[in-house]
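Enquirer:
Residue numbers (my numbering): 18 to 432.
#1: So for residue 371, helix, strand or coil by DSSP?
#2: Between which residues of its own chain and residue 404 is the CB-CB distance below 8 Å, once the five residues before and five after are set aside?
#3: One question on the structure: do residue 111 and residue 140 come within less than 8 Å of each other, judged by their Cβ atoms?
#4: Excluding five sequence neighbours on each side, which residues of the same chain lie with their C-beta closer than 8 Å to the C-beta of residue 27?
#5: Please go through the same chain and pick out, in chain order, the residues whose beta-carbon is closer than 8 Å to the beta-carbon of residue 86, but skip the five residues on each side of it.
#6: Going along the chain, which unbroken runs of the beta strand (DSSP E) with 3 or more residues stay wholly within the stretch 79–130?
#7: How far does the alpha helix (DSSP H) with residue 397 in it reach, from first residue to last?
#8: Which of the three DSSP states, helix, strand or coil, is assigned to residue 207?
#9: Report yes if the C-beta distance between residue 121 and residue 154 is below 8 Å; otherwise report no.
#10: Taking just the CA atoms, how far does residue 302 sit from residue 239?
#11: Tell me which same chain residues have a C-beta within less than 7 Å of the C-beta of residue 202, skipping the five on either side of it?
#12: Within this structure, are the beta carbons of residue 145 and residue 159 separated by less than 8 Å?
#13: Count the other CB atoms, across all protein chains shown, that sit within 10 Å of the CB of residue 281; report buried if there are 16 or more and exposed otherwise.
#14: Taking C-alpha atoms, which residue in 143, 94, 150 and 115 lies nearest to residue 128?
#15: Does DSSP put residue 7 in a helix, in a strand, or in coil?
#16: With a threshold of 16 other CB atoms inside 10 Å of the CB of residue 61, please say whether the residue is buried or exposed.
#17: Using a threshold of 8 Å, state whether the C-beta atoms of residue 254 and residue 41 are closer than that.
#18: Check this for me: beta carbons of residue 193 and residue 229, under 8 Å apart or not?
#19: Just curious, the beta strand (DSSP E) that residue 47 is in, first and last residue?
#20: Comparing C-alpha positions only, which one of 227, 223, 225 and 260 sits nearest to residue 241?
#21: May I have the straight-line CA-CA distance separating residue 216 from residue 31, to the nearest angstrom?
#22: If we count the other Cβ atoms within 10 Å of its Cβ and call it buried at 16 or more, is residue 257 buried or exposed?
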């Protein structure tokens, strides 16, 4: 059977390639998970029109093509294969263009700097070539079994200025993992991670916390797909399409997360947003009660706040891995840094504010009095603001609040 076009790899999981290519051209594009044996057999049968190749077959594709582009030869791996009319296979590497576009958009300056690349696979080859093209002063490749391992990184290359992750460490479903501690790399000026699920890996969240220019791999994914689509269709596609599709995908995938004081209206506003945007609504407090089999006041009364916070953290950890939802959190969700990171990895976080004298007191274990609310805000206010991408005033008319939250979300998603 002759395939049209698609992405082939060992495990594809939550790939964005199908919706990206749906935006780029009118052709049938599908996902194909194949063993190495099946991949080699397909390449030898040439039973397709065009393929994007991902982990772990990029180097193998390089060896199986009849002709290679200069870029593919320079990189040493192939991520795009086109079957020509005479049946020969032409191999190209569009990752390098996508990587360079990612670095430039993120504001990560590589020229004249020492770049450390984590990983030694096909994408590592791309990053090395891109860093050479961009004028890196020095390039160091770190891998578990290479001449420079992770111990050697900290010992001999703590002066790294740009860090690039090309390993799968931190990719869904192993969110939160990271290959290195950037706290031990004090000279860093920028961080890039080719992983795009989650939107922000633990490595990128660490870089954000340090105020470093940084980005995950979604923009690279879209950029390389645009170049591949040009090969598939034989027609040029404007570079502006990369930005348009990136914004579209991120705007559909990111969670809209509402944080704020108890009684600030997160659930009410969240439900209205979910209905307006056609998304599922998740109430963290409701999920906590469902798992516990009792109300939150009962949890506080019988087990104490510490037990509640532990369960809350488990719920947020699970919810934060998912995408495309509107999430309303409990008032104290931001008290744990791990919760904030779990929410920010796939979410635009909006702080919903309301005048303290308008906040309800009934049925809320920690909102016992007006004085308690003032003390709570004094303690939590800085944490709320630090966690938020935008602040939404919920003292305004309800429709205006919902509209402002939606606009703030789309602005954050387009960054």
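Just so you know, even glycine gets a beta-carbon here, dropped at the ideal spot from N, CA and C.
The structure displayed is predicted, hence computed values, not measured ones.
Expert: By the coordinates alone:
#1: Locating residue 371 in the chain shown gives position 354, counting from the first residue. Coil.
#2: Here residue 404 refers to the residue found at position 387 when the chain shown is read from its first residue. Only residues of its own chain outside the window of five on either side were considered, and among them 276, 351, 357, 360, 361, 366 and 368 have a CB closer than 8 Å to the CB of residue 404, listed in chain order.
#3: As a first step, residue 111 is located in the chain shown; it is residue number 94 there, counting from the start. As a first step, residue 140 is located in the chain shown; it is residue number 123 there, counting from the start. Annotated as distal: residue 111 and residue 140, with beta-carbon spacing of 8 Å or more.
#4: For the purposes of this step, residue 27 is taken as the residue at position 10 of the chain shown. Excluding sequence neighbours, residue 27 sits near 50, 51, 52, 53, 72, 73 and 74.
#5: Within the chain shown, residue 86 is the residue found at index 69, counting from 1. Closer than 8 Å at the Cβ level, and outside the excluded window around residue 86, lie 107, 108, 109 and 110.
#6: 97–100 and 106–109
#7: Taking the chain shown and counting its residues from 1, one reaches residue 397 at position 380. Residues 387–404.
#8: Residue numbering aside, residue 207 sits at position 190 when the chain shown is read from its first letter. Strand, per DSSP.
#9: On the chain shown, position 104 is the one that residue 121 refers to. On the chain shown, position 137 is the one that residue 154 refers to. Going by C-beta atoms, residue 121 is not nearer than 8 Å to residue 154.
#10: Your numbering for residue 239 matches position 222 in the chain shown. Your numbering for residue 302 matches position 285 in the chain shown. Going by the C-alpha atoms only, they are around 36 Å apart.
#11: The count along the chain shown starts at 1 and reaches residue 202 at position 185. Answer for residue 202: 175, 177 and 180, listed in chain order.
#12: In the chain shown, the residue the question calls residue 145 occupies position 128. In the chain shown, the residue the question calls residue 159 occupies position 142. Not in contact: residue 145 and residue 159 (Cβ atoms no closer than 8 Å).
#13: Locating residue 281 in the chain shown gives position 264, counting from the first residue. Burial call: buried.
#14: In the chain shown, the residue the question calls residue 128 occupies position 111. Among 143, 94, 150 and 115, the Cα nearest to that of residue 128 is on 150.
#15: Here the chain has residues from 18 to 432 only, and residue 7 is not among them.
#16: Within the chain shown, numbered from 1, the residue matching residue 61 stands at position 44. In summary, residue 61 is exposed, with fewer than 16 beta-carbon neighbours lying within 10 Å of its beta-carbon over all protein chains present.
#17: Here residue 254 is taken as the residue at index 237 of the chain shown, counted from 1. Here residue 41 is taken as the residue at index 24 of the chain shown, counted from 1. Yes.
#18: The count along the chain shown starts at 1 and reaches residue 193 at position 176. The count along the chain shown starts at 1 and reaches residue 229 at position 212. Contact: no.
#19: Against the chain shown, residue 47 aligns to sequence position 30. Where residue 47 is concerned, the enclosing beta strand (DSSP E) stretches over 46–50.
#20: Looking up residue 241 in the chain shown gives position 224. Nearest C-alpha to residue 241: 260.
#21: Against the chain shown, residue 216 aligns to sequence position 199. Against the chain shown, residue 31 aligns to sequence position 14. Cα-Cα distance, rounded: 12 Å.
#22: Indexing the chain shown from 1 puts residue 257 at position 240. So residue 257 ends up on the exposed side.
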